[in-house]
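Protein chains in written order, with UniProt numbering: chain A, 1 to 212; chain B, 1 to 212. One structure is given below, encoded as C-alpha cells.
Number of protein chains: 2
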Amino acid sequence: MLELAVLGLLHETSMHGYELRKRLTQLLGAFRAAFSYGSLYPTLKRLKDSGYIAEDAGDPNEPVPPLTGKRGRIVYKLTAEGKERFADLLAQAGPETYEDSGFGVHFAFFSRLDQAQRLRILEGRRRRIEERREGLRETLTRSVERLDAYSLELQRHGLDACEREVRWLNELIASEQSGRPPSVTTVGGFVPPEPQAPSVHEPSEDPDAHRE
Amino acid sequence: MLELAVLGLLHETSMHGYELRKRLTQLLGAFRAAFSYGSLYPTLKRLKDSGYIAEDAGDPNEPVPPLTGKRGRIVYKLTAEGKERFADLLAQAGPETYEDSGFGVHFAFFSRLDQAQRLRILEGRRRRIEERREGLRETLTRSVERLDAYSLELQRHGLDACEREVRWLNELIASEQSGRPPSVTTVGGFVPPEPQAPSVHEPSEDPDAHRE
DNA sequence: CGACGGATGTATCGGTCTGATACATCGCAC
DNA sequence: GTGCGATGTATCAGACCGATACATCCGTCG
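Dropping the structure here:
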C-alpha cells in the first residue's frame, strides 16, 4: 500500500522522504491516520533497490534550495520501471484494495485510471461496505438484548457511517456512469444539473437500487 | 489493544479462541475490520503465560457440547489478576486510546468505567477528530488548486465524516454530563425527551459550542 | 453410502506498519 | 548565544494482517 502511495506521489513531482510523508498525510488524512517514517524509509530503500525510484541529483538550476552542506535531504524521482510498477499496482485490484486504507490510496489516484477501472473499484468497495453494513444491521436487530447501551450506540454509529458511505459511493458510481467528472460541489447530497444528453436510463432516485 | 479487547470479552463469559474472534468482529465491526487469528492466538498464549487468563476445564454439567474427542476447543476464563489488568488497561488512557481502533475498544467497554473516565476519553477523542477535521479544512481551502477532483472529493468525504463524528461525540458528552445513560434511540440526531430534573444549564442546541 | 463443501476449531509464518527513539541541521526569537 | 521548533534521515521492537495448514463435525447431493 505504501509502495503504491509513494510511487503515485512521485509520479507528480520528485520529493524527499520528509515531504513525502507530509503529502501522504494530507492526501490520505481522510481514510487513514498516516504512514510513519518507520515504514516510509525502509520502503524508499526497497523501491530504490528494485529500481523503481532513483536519487535525483538535484536540478542544477536549483542548487539545493535551503539546505547546503553535509548529508542533506535525498530527493527521489520515479524511473520508467517505477511508472510501470505504479500502473500495475494501481490497476490490479486485490481484496485489500477495498479495505479502508487501500481504497483511500486507490481513490486518491483515480485520475490515472480509466472509467471502467474506476467503476470496478467503486463497486468493489461498495460491496465491502454493504457487507459490513449488513453485519451491523443484524447485530442491531438480533442481539439487542445481549449488548449494553454503549455497545449498541457504537453499532448504531457504525451503521450510520456505512449507510453514508454507500450513498456516497452510489453518487460516485452514477457520476462515472454518466461520464461526468467527480462531483463539482456535492456537499449536501445535492448534485448540480449538468448540461448533458440523457444517454442511459438513469437509475432514478433510489440510492440503494443496484442488484440485491 | 487486542489484549484489552480479549480481557473485556472474557469478563462477561468464558470463551474459546474461535468464538472470541467472532464476538470481537461483531463488537468492533463498526470501528475496525477485525482482529485476525494471527494475532489472537499468540495474544491468548501470552495472556495465559502472564496469568491473566487460564484454561477453563469445562463445566462438568456441560460435558464438551458438540465436540467430543481429541484436541478440542480450549476455553479460557479470566483470572483475578486478569480482572485487575483489564481495569488498568481500560482506565489508563494513552495517546492510542483516541485512535480509531483504540477508541472503539474503550467505548465498547464504557459501562465498566465511571462517568469521569468516560468523559475524559470522549473529550480526548473529540480533540483528536477536531484536529483531523481542521487539517482537512485547511487542505480544502488552501490547496484546492493543487489537487485533482478525486482527491478533493476524498477530502470532502473525510471532512464530512469528521464533522459527523464530532457531533456524535458532542451528543454523547452532553448525555454523560446530564447523568443520563447513552442514547435510547438517537437515530436521526433526535434525542427523545426524557423525564428528568433540569439539573444543569443544558448546552443549548449548538453542537459545536465547547471551548475553541 | 460415500464424497464434498462449509462451519468450527487451533496454530504458525512472513511481511507490513506503528510508535518510540536517536541524531543532526537550520532559522528564529528572546 | 542559547534554547526551541521545524526540517530531515534512520532504526528497532512489537503489534497486527493475510495466507496457509490441518483436523473435526455436519448436512446435502448423487
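Built from N, CA and C at the ideal position, the CB exists for glycine as well.
For this session: Indicate whether at least one CB of chain B lies closer than 8 Å to the CB of D148 (chain A).
Result: Interface residue, yes.
For this session: Using alpha carbons as the reference points, say which of A:R167, A:R126 and A:L159 lies closest to T141 (chain A).
Result: For T141 (chain A), the nearest C-alpha among the options comes from A:L159.
For this session: Taking only runs that begin and end inside the stretch 48 to 120 of chain A, name each unbroken beta strand (DSSP E) of 3 or more residues, in chain order.
Result: 53 to 55 and 75 to 78, all fully within the stretch 48 to 120 of chain A.
For this session: Please name the residue in B:E145, B:Q155, B:I173 and B:Q115 whose C-alpha comes closest to that of G104 (chain A).
Result: It is B:Q155 whose Cα lies nearest to the Cα of G104 (chain A).
Exercise. In the DSSP assignment, what are the bridge partners of H16 (chain B)?
Worked result: In the DSSP output, where bridge partners are listed per residue, H16 (chain B) has B:V75.
Exercise. Quick one: which chain B residues come within Cβ less than 7 Å of Q115 (chain A)?
Worked result: Taking a Cβ-Cβ threshold of 7 Å, none of the residues of chain B is close to Q115 (chain A); the smallest such distance is about 12 Å.
For this session: List the endpoints of the continuous alpha helix (DSSP H) containing S151 (chain A).
Result: DSSP places S151 (chain A) in the uninterrupted alpha helix (DSSP H) bounded by A149 to Q177.
Problem set entry | Distance between L10 (chain A) and E81 (chain A) (C-alpha atoms, nearest Å) | Rounded to whole angstroms, the gap between the alpha carbons of E81 (chain A) and L10 (chain A) is 13 Å.
For this session: With DSSP as the reference, label V191 (chain A) as helix, strand or coil.
Result: With a pLDDT of 49 at V191 (chain A), under the threshold of 50, the predicted position of this residue should be treated as unreliable, and no value is reported.
Problem set entry | Option nearest E99 (chain A) by Cα separation, candidates B:I173, B:F86, B:N170 and B:R32 | The residue with the shortest Cα to Cα distance from E99 (chain A) is B:R32.
Exercise. Can the beta-carbon of residue 213 (chain B) be found less than 8 Å from the beta-carbon of Y150 (chain A)?
Worked result: Any question about residue 213 (chain B) goes unanswered here, given that chain B covers just 1 to 212.
Exercise. Using 8 Å as the threshold, is the stretch 79 to 97 of chain B in touch with the stretch 43 to 52 of chain B, meaning 3 or more CB pairs across them?
Worked result: Yes, they touch.
For this session: Return the residue from the list B:P181, B:G72 and B:R146 that minimises the CA-CA distance to Q115 (chain B).
Result: Q115 (chain B) has its Cα closest to that of B:P181, out of B:P181, B:G72 and B:R146.
For this session: Please determine, among A:R146, A:R128, A:E176 and A:F110, the residue with the shortest C-alpha to C-alpha distance to A5 (chain A).
Result: Considering only alpha carbons, the answer is A:F110.
Exercise. Closest by CA to Q26 (chain A), which one among B:L152, B:R125 and B:R112?
Worked result: The candidate whose alpha carbon is nearest that of Q26 (chain A) is B:L152.
Exercise. Buried or exposed: G102 (chain B), going by 16 or more other Cβ atoms within 10 Å of its Cβ?
Worked result: G102 (chain B) comes out buried.
Exercise. How would you label R126 (chain A), buried or exposed, when you count the other beta carbons within 10 angstroms and need 16 or more for buried?
Worked result: Buried, since its Cβ has 16 or more Cβ neighbours within 10 Å.
Problem set entry | Straight-line Cα distance separating S39 (chain A) from L119 (chain A) | Going from the Cα of L119 (chain A) to the Cα of S39 (chain A) covers about 30 Å.
Exercise. If we ignore side chains and look at the alpha-carbon of each, how far apart do D88 (chain A) and N170 (chain A) end up?
Worked result: If I take the Cα positions, the gap works out to 26 Å.
Problem set entry | Beta carbon proximity, T13 (chain B) to chain A, threshold 8 Å | No, T13 (chain B) lies away from the interface with chain A (no Cβ there is under 8 Å from its Cβ).
For this session: Kindly say whether P181 (chain A), judged by its beta-carbon, lies nearer than 8 Å to any beta-carbon of chain B.
Result: Yes, its Cβ sits closer than 8 Å to a Cβ of chain B.
Exercise. With S36 (chain A) and V75 (chain A) assumed to form a contact (beta carbons below 8 Å), what rounded beta-carbon distance in angstroms separates them?
Worked result: That belief does not hold up - the Cβ atoms of S36 (chain A) and V75 (chain A) are roughly 21 Å apart, past 8 Å.
For this session: Please confirm if M1 (chain A) has its CB atom under 8 Å from at least one CB of chain B.
Result: So, not an interface residue.
Exercise. Can a CB atom of chain A be found closer than 8 Å to the CB of Q177 (chain B)?
Worked result: Using a CB distance cut-off of 8 Å, Q177 (chain B) does not count as an interface residue toward chain A.
Problem set entry | Neighbouring residues, chain B, relative to S151 (chain A) (Cβ below 7 Å) | Neighbours of S151 (chain A) in chain B, taken as residues at a C-beta separation under 7 Å, are given in chain order as L27 and A108.
For this session: State the Cα-Cα distance for the pair V144 (chain B) and E138 (chain B), rounded to the nearest angstrom.
Result: Answer to the nearest angstrom: the Cα atoms are 10 Å apart.
For this session: Grab me the residues of H16 (chain A)'s own chain with a C-beta within less than 6 Å of its C-beta, minus the 5 sequence neighbours each way, in chain order.
Result: Counting only Cβ-Cβ distances below 6 Å, and skipping sequence neighbours, we find R73, I74 and V75.
For this session: Can you say whether R146 (chain A) is buried or exposed, counting buried as having 16 or more other CB atoms within 10 angstroms of its CB?
Result: Burial check for R146 (chain A): the Cβ neighbour count within 10 Å stays below 16, so the residue is exposed.
Problem set entry | Coarse secondary structure for S36 (chain B), derived from DSSP in three states | Coil.
Exercise. Closest to F86 (chain B) by CA distance: which of B:G179, B:L2 and B:P95 is it?
Worked result: Of the candidates B:G179, B:L2 and B:P95, the one whose C-alpha sits nearest the C-alpha of F86 (chain B) is B:L2.
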